[in-house]
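*Asks:* Shown below is the structure under consideration.
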Amino acid sequence: MSENPTDTEPSRDIAEVPAVEIINTVAVHLLSAAAVKCGLSEHGEEEIDLAEARKLITALAGLITAAAPELGDHHARVLRDGLRSVQLAFREASPFPDAPGQGPGEKLTGPVN
């Protein structure tokens with residue numbers, strides 16, 4: 001018997017997964033990783049890496065901006081709220097905050113303050 005719990009769970013065929021679910025899953029992974037890199041994890045300041053956070057936040061902003069019309073307001077609103085939270089966390093963690101509109105993803109979302 002395997003000790004890996006995923007070995008006992010049935011796998012899903014990617015063809016059966018709705019696009020909205022895949023987009024949301026990817027967005028949540030980007031959001032979680034960005035939050036960790038902004039110092040919002042259990043280990044906080046030990047894991048801050050603003051260069052990496054900038055990349056993740058910009059990718060998340062691009063995904064949300066591009067996918068929002070397909071996701072619908074219900075899904076997009078939640079993702080936008082999460083994005084705004086990590087954009088603000090980035091600004092707070094930065095020793096030299098970017099000018100308004102120049103922070104990660106702000107060229108896609110507009111200034112966050």
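The opening residue of the sequence shown carries number 1 in full-length UniProt numbering; numbering runs sequentially from there.
Every residue gets a Cβ at the ideal spot worked out from N, C-alpha and C, and that includes glycine.
Counting beta carbon pairs with one atom in the stretch 55 to 66 and one in the stretch 92 to 109, are three or more of them shorter than 8 angstroms?
*Replies:* Yes, the stretch 92 to 109 touches the stretch 55 to 66.
*Asks:* Check Ser41 in the structure and name its three-state DSSP category.
*Replies:* Locating residue 41 in the sequence shown gives position 41, where the first residue counts as 1. Residue state, collapsed to three classes: coil.
*Asks:* Excluding the five sequence neighbours on either side, which residues of its own chain have a C-beta within less than 6 angstroms of the C-beta of Ala89, listed in chain order?
*Replies:* For the purposes of this step, residue 89 is identified with residue 89 of the sequence shown, where counting begins at 1. Within the same chain, Ala89 has close Cβ partners Cys38 and Leu40.
*Asks:* Rounded to the nearest angstrom, what separates Ser94 and Val28 at their Cα positions?
*Replies:* For this step, residue 94 is matched to residue 94 along the sequence shown. For this step, residue 28 is matched to residue 28 along the sequence shown. Ser94 and Val28: Cα-Cα distance of roughly 23 angstroms.
*Asks:* Looking at the unbroken alpha helix (DSSP H) that takes in Ala53, where does it start and where does it end?
*Replies:* The residue labelled residue 53 in the question sits at position 53 within the sequence shown. Unbroken alpha helix (DSSP H) run through Ala53: Leu50 to Leu71.
*Asks:* What is the DSSP secondary structure of Asn24, reduced to helix, strand or coil?
*Replies:* Along the sequence shown, read from residue 1 onward, the residue named residue 24 stands at position 24. Correct three-state label for Asn24: helix.
*Asks:* I need the DSSP call for Val112, collapsed to helix, strand or coil.
*Replies:* In the sequence shown, residue 112 corresponds to position 112, counting from 1. Residue state, collapsed to three classes: coil.
*Asks:* Could you say which of Val86, Pro18, Val78 and Gly82 lies nearest to Arg54 if we only look at CA atoms?
*Replies:* For the purposes of this step, residue 54 is taken as residue 54 along the sequence shown, with counting starting at 1. Checking every option, the nearest Cα to that of Arg54 belongs to Val86.
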